[in-house]
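Trainee: 214 is the number that the working numbering gives to position 200 of the sequence shown; each next residue is one higher, with no gaps.
Glycine included, each C-beta is placed from N, C-alpha and C at the ideal position.
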Amino acid sequence: MKETYSPPLQYNHRQTNNTKPTPKTNTTNMENYEDDASYFSCMSRLPSSQEASGHKKKVYTIRDVPELTMLFLKAYTRLFEVIPDLETKTSSWSAELAERLHLLIKGAVQSGKTRILTALALFMTMVHKQSVIVLVRNITEDSSQYHDAWTEFMAKFEEFCADHGVLFDMEDFDGLPPSYFAKDLTIRAEEEVDINDEDDDDDDKEMDILDAMLSGPTMIVSLLNVHQLQKVNAVLGTVRREYEDMIGITVLVDEVDQLLYGEDREKVNPGLDRLLSEADHIIGVTATTWKPLHDLDKKFFSTDNVYVMTPPVNYRGIMDLSYVTIKDLPKEKCAGALASDPDLLQFLLQHRNDAPMMVNRRGHDGVLRKDRHPLLALINTERLIAKQSSLMEDIARHPELEKKYTIMTYNGKCIEIYAPLLSKRVDLQLPACSKKLKRQGNRLICRGGSLRHVLQWLKKQPAWWKRFPRILIIAQNMVGRGLNIVSHDYKWHLSDFFWRPSHDAEIANKMQDQRGCGIFTDDLICRVHCTLENERDLKRGHQLQEEVYQRTDGMEDTPIAEALQTMTFHKKKVPQGKISGKKGGKFGGVIVDTPDDGGLSMEEFGLGMIPEEPEDEEAEDKASKKKSEPYTVEQDEKRLREKMFPKWGSEDDVTKIGGFMRRLEHDKVYSVNEIKALCKNEDQMSVTLSHLIQPYIPSSWIFGRILVGDTAQGYRLNPNLVEAYLEFF
């Protein structure tokens, strides 16, 4: 695909299950904006419906908070669009275990699922009067990100209520639910907890939460680990034992396919099972549901309790991204992580002088304006922290990449930043965050902060387009599920994703890796650099999941795993990689070889947008490997003398390599700086030194072994080519 930034592909996001598209009449609907700040900023400009119609504005009191909550959620979230019958369902919900409700909400990757979680938490606490436990992955930034989203959401809700005449006394938790991190609880045996004990320490946060839960609905955010689940269960144990009739509990599970299935669940049992058994209702949210679809044991979710989020109109998903094909890594290992990946090196060399790109960004007024955007690339190739650091050093020290890129490594514990053009005097305080950077020369360390705060800090620096025009983020598992790689104001997002997943990666993880997806107000489309095999599996996995849920629409109450077993699919719709972690990753549906499989046609499935498998994969693989083998020295020199020198030396040649050859002196030994200067043409790098000192490799940028030498002794024209050089140049 040509590497240009064009409008996203017109992919038809099908309406599945019982969700319907919302008419685009309310310009304040969240689907028209990519972040909280964007669409909530409209609230102060809009009159109420009563004011707009000329009627007297209704006066609300504290007793009307449930009604105000419903107005707020309907106006500024998509909760009731995603679950249209939520009001009728919850009106008849019972706390009896036998009537517990399990809901599964499936949304696209980075399509606003966190907003649905916060909306559900507000609905359950303010309307249904239940306390809420939010379970997130065992990654601290996941809990911080959700808690920040909740805090901002509640601030806007409080502002909304104030505009309608209702004020809250936060000191007494009068009305608004307080929120806590599970990590802040203290652990002690349930029998030691006595909420009537007046001698307890006032600072004991476990007591605070017990008091809060007895005063009204409360929200707790917990990581999925043994320690935090133990704390949550200790509190709930006391509540259930002493006040069972007073407290209802709803558990909201982010990334439900990862948290409730497989290894993650086994690591934290029996604590997780205990928490789920205490819950009145369980609602899970995820973008990938392959594990629930293969769950024939627990049968946790049924077809009539699955709801599909239709992406907003300005959402860019897996089928909308631009794909650039790279090759598999060569089997021969080279010294250094960068040298081992020729495609990555070529990408970095190709873009090392790029200026910030100009994008068209739509403002809150609907007007398109030009805006600068850096090259922001995620490199997802190394899984070990040590190798990620090694790759950073390889890039920073490469003679042709030195000072060309701002580089970050992120491993969950800290963010290390290499910023060679950072000014001497700079404020190290991160915006919208209490964290501060530590500086060591041109290196910065951020502990406890997030990527979005660091990116926002870079964006706020004077003349960032000169100091940080090209930014690389080297990470792997930490930037998969749940984390947006965007600046805090959402105006910077990924322009490139260099992606090499492990060979045994599940399809769900490949889909979750796509951090270039999202809701954006500009026309910059992320380029995904990956092999054809990974592109094919990724697109098939995405489209296949969409079709599965389209087929379940209207089915009677059936476990979704059993429903999948009754479906047949053409083999070209099914990925070759592992579908799920069970039974060797095999697909649970029936695979057939006939075009009419009872579902979508091949055209509706989008087969034309998916790379075809070669007729004979084994033969093509062998041919590809043979083609990519480097020439021997003899073959290379013969090719240069007999084919390339005559071509480059002709009078009508205008190639960059031809210009370099004409500037080269056949009897001179060049220093590294001199040869770099010779490579430039009108101050633009025309050829690369590394492409002139090794034998030719087909389908690569390497010209051949034109020069010999090294950094210490200098470089000169290959003596075996001097005679041919003098003939043609």
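Would residue 268 pass as a contact of residue 351 if the rule is Cβ separation under 7 Å?
Mentor: Counted from its first residue, the sequence shown places residue 268 at position 254. Counted from its first residue, the sequence shown places residue 351 at position 337. No, Cβ-Cβ distance for residue 268 and residue 351 is not below 7 Å.
Trainee: Given 8 Å as the limit, is there contact between the segment 235-255 and the segment 286-295, that is, 3 or more CB pairs closer than that?
Mentor: A contact exists between the segment 235-255 and the segment 286-295.
Trainee: Could you have a look at residue 784 and say whether DSSP puts it in helix, strand or coil?
Mentor: Outside the shown range of the chain, which is 15 to 743, sits residue 784, and nothing can be said about it.
Trainee: Taking buried to mean at least 16 other C-beta atoms within 10 Å of its own C-beta, is residue 356 buried or exposed?
Mentor: Counting from 1 along the sequence shown, the entry for residue 356 is found at position 342. Per the 10 Å Cβ criterion, buried.
Trainee: Between 315, 193, 272, 431, which has its C-alpha nearest residue 225's C-alpha?
Mentor: Start at 1 with the first residue of the sequence shown, and residue 225 comes out as number 211. Nearest option by C-alpha distance: 193.
Trainee: For the segment 275-308, which segments carrying the alpha helix (DSSP H) assignment without a break, of at least 4 residues, lie completely within its bounds, in sequence order?
Mentor: Correct list: 276-282, 285-292, 304-307.
Trainee: For residue 734 and residue 340, I'd like the C-alpha separation in whole angstroms.
Mentor: Taking the sequence shown and counting its residues from 1, the one referred to as residue 734 is at position 720. Taking the sequence shown and counting its residues from 1, the one referred to as residue 340 is at position 326. Near 33 Å, if we compare the C-alpha coordinates of residue 340 and residue 734.
Trainee: Would you list, in sequence order, the uninterrupted beta strand (DSSP E) runs of no fewer than 3 residues that lie entirely inside the segment 411-485?
Mentor: Qualifying beta strand (DSSP E) stretches, in chain order: 420-424, 428-432, 452-454, 457-461.
Trainee: With 16 as the cutoff for other CB atoms within 10 Å, does residue 459 come out buried or exposed?
Mentor: On the sequence shown, position 445 is the one that residue 459 refers to. Exposed, since its Cβ has fewer than 16 Cβ neighbours within 10 Å.
Trainee: Report yes or no: do three or more beta-carbon pairs, one from the segment 575-590 and one from the segment 364-379, lie closer than 8 Å?
Mentor: No, the segment 575-590 is not in contact with the segment 364-379.
Trainee: Sorted by chain position, which residues of the same chain lie with C-beta nearer than 7 Å to residue 624's C-beta, five sequence neighbours on each side aside?
Mentor: Indexing the sequence shown from 1 puts residue 624 at position 610. For residue 624, where only same-chain residues beyond five positions count, the Cβ hits under 7 Å are 550, 553, 554.
Trainee: Mind checking which residues open and close the beta strand (DSSP E) that includes residue 362?
Mentor: The count along the sequence shown starts at 1 and reaches residue 362 at position 348. Run containing residue 362: none in the beta strand (DSSP E); it sits in the alpha helix (DSSP H), 356-365.
Trainee: Check each candidate in 676, 478, 529, 412 and name the one with the smallest Cα separation from residue 358.
Mentor: Residue 358 sits at position 344 when you count from the first residue of the sequence shown. The shortest Cα separation from residue 358 among 676, 478, 529, 412 belongs to 412.
Trainee: Between which residues of its own chain and residue 639 is the CB-CB distance below 6 Å, once the five residues before and five after are set aside?
Mentor: As a first step, residue 639 must be located in the sequence shown, where it is residue number 625. Since pLDDT at residue 639 reaches only 49, below the 50 mark, its modelled position is unreliable, and no value is offered.
Trainee: Measure the beta-carbon distance from residue 487 to residue 465 and round it to whole angstroms, keeping in mind my assumption that it falls under 8 Å.
Mentor: Translated into positions along the sequence shown, residue 487 becomes position 473. Translated into positions along the sequence shown, residue 465 becomes position 451. Yes, residue 487 and residue 465 are in contact; Cβ-Cβ is about 7 Å, under 8 Å.
Trainee: Which term fits residue 191, buried or exposed, when burial requires 16 or more other beta carbons within 10 angstroms of its beta carbon?
Mentor: On the sequence shown, residue 191 is found 177 positions in, with the first residue counted as 1. Burial call: buried.
Trainee: Could you give the first and the last residue of the continuous beta strand (DSSP E) run that contains residue 97?
Mentor: Here the question's residue 97 lines up with position 83 in the sequence shown. Segment: none, residue 97 is in no beta strand (DSSP E) and carries neither H nor E.
Trainee: Below 7 Å between beta carbons: does that hold for residue 563 and residue 270?
Mentor: Translated into positions along the sequence shown, residue 563 becomes position 549. Translated into positions along the sequence shown, residue 270 becomes position 256. Going by C-beta atoms, residue 563 is not nearer than 7 Å to residue 270.
Trainee: Run the CB neighbour count on residue 654, radius 10 Å, all protein chains shown included, and call it buried at 16 or more, exposed below.
Mentor: On the sequence shown, position 640 is the one that residue 654 refers to. It is buried - the Cβ of residue 654 has at least 16 other Cβ atoms within 10 Å.
Trainee: Along the chain, where does the beta strand (DSSP E) that runs through residue 116 open and close?
Mentor: Here the question's residue 116 lines up with position 102 in the sequence shown. 115-120 is the extent of the beta strand (DSSP E) around residue 116.
Trainee: Between the C-alpha atoms of residue 579 and residue 307, what's the straight-line distance to the nearest angstrom?
Mentor: As a working mapping, residue 579 is identified with position 565 in the sequence shown. As a working mapping, residue 307 is identified with position 293 in the sequence shown. Spanning the two alpha carbons is a distance of roughly 9 Å.
Trainee: Once the 5 residues before and after residue 395 are set aside, which same chain residues still bring their CB inside 7 Å of it?
Mentor: Translated into positions along the sequence shown, residue 395 becomes position 381. Cβ neighbours of residue 395 beyond the five flanking positions: 355, 358, 512, 514.
Trainee: To the nearest angstrom, how far is it from the Cα of residue 65 to the Cα of residue 175?
Mentor: As a position in the sequence shown, residue 65 is number 51, starting the count at 1. As a position in the sequence shown, residue 175 is number 161, starting the count at 1. Bear in mind that the predicted position of residue 65 carries a pLDDT of just 44, short of 50, making it unreliable; the figure below should be weighed with that in mind. For residue 65 and residue 175, the distance between alpha carbons rounds to 16 Å.
Trainee: Smallest Cα separation from residue 650: which of 603, 694, 719, 526?
Mentor: To locate residue 650, count along the sequence shown from 1; it is residue 636. Residue 719 is the option with its Cα nearest to residue 650.
Trainee: Using only the alpha-carbon positions, how far apart do residue 330 and residue 524 sit?
Mentor: For the purposes of this step, residue 330 is identified with residue 316 of the sequence shown, where counting begins at 1. For the purposes of this step, residue 524 is identified with residue 510 of the sequence shown, where counting begins at 1. When rounded, the distance between both Cα atoms is 16 Å.
Trainee: Do you know offhand how far residue 616's Cα is from residue 96's?
Mentor: Walking along the sequence shown from the start, residue 616 turns up at place 602. Walking along the sequence shown from the start, residue 96 turns up at place 82. Using only the alpha carbons, I get a separation of about 28 Å.
Trainee: Return the CA-CA distance between residue 115 and residue 254, expressed in angstroms with no decimal places.
Mentor: Mapped onto the sequence shown, residue 115 falls at position 101. Mapped onto the sequence shown, residue 254 falls at position 240. In a straight line, the C-alpha of residue 115 is about 19 Å away from that of residue 254.
Trainee: What is the DSSP secondary structure of residue 513, counted as helix, strand or coil?
Mentor: Sequence index remark: in the sequence shown, residue 513 carries index 499 (1-based). In the structure shown, residue 513 sits in a strand (DSSP, three-state: E or B).
Trainee: Name the DSSP beta bridge partners of residue 573, please?
Mentor: Numbered from its first residue, the sequence shown carries residue 573 at position 559. Per DSSP, 316.
Trainee: CA-CA distance, residue 434 and residue 404?
Mentor: Locating residue 434 in the sequence shown gives position 420, where the first residue counts as 1. Locating residue 404 in the sequence shown gives position 390, where the first residue counts as 1. Using only the alpha carbons, I get a separation of about 17 Å.
Trainee: Tell me the DSSP secondary structure of residue 236 in three-state form.
Mentor: As a first step, residue 236 is located in the sequence shown; it is residue number 222 there, counting from the start. Correct three-state label for residue 236: strand.
Trainee: Between residue 298 and residue 335, which are expected to be in contact by the criterion C-beta below 8 Å, what is the C-beta distance as a whole number of angstroms?
Mentor: Taking the sequence shown and counting its residues from 1, the one referred to as residue 298 is at position 284. Taking the sequence shown and counting its residues from 1, the one referred to as residue 335 is at position 321. The pair is not a contact, with the Cβ atoms about 26 Å apart (cut-off 8 Å).
Trainee: Could you work out which residue in 337, 101, 348, 455 is closest to residue 545 when comparing CA atoms only?
Mentor: As a first step, residue 545 is located in the sequence shown; it is residue number 531 there, counting from the start. Ranking the options by Cα distance to residue 545, first place goes to 337.
Trainee: Could you tell me the alpha carbon to alpha carbon distance between residue 535 and residue 380, rounded to whole angstroms?
Mentor: Working through the sequence shown from its first residue, we reach residue 535 at position 521. Working through the sequence shown from its first residue, we reach residue 380 at position 366. C-alpha separation (whole angstroms): 10 Å.
Trainee: Ends of the alpha helix (DSSP H) at residue 175?
Mentor: For the purposes of this step, residue 175 is taken as residue 161 along the sequence shown, with counting starting at 1. Run containing residue 175: 154-177, per the alpha helix (DSSP H) assignment.
Trainee: On a Cα-Cα basis, can you pick out the residue from 282, 293, 250 that is closest to residue 238?
Mentor: By 1-based counting over the sequence shown, the position of residue 238 is 224. Residue 282 is the option with its Cα nearest to residue 238.
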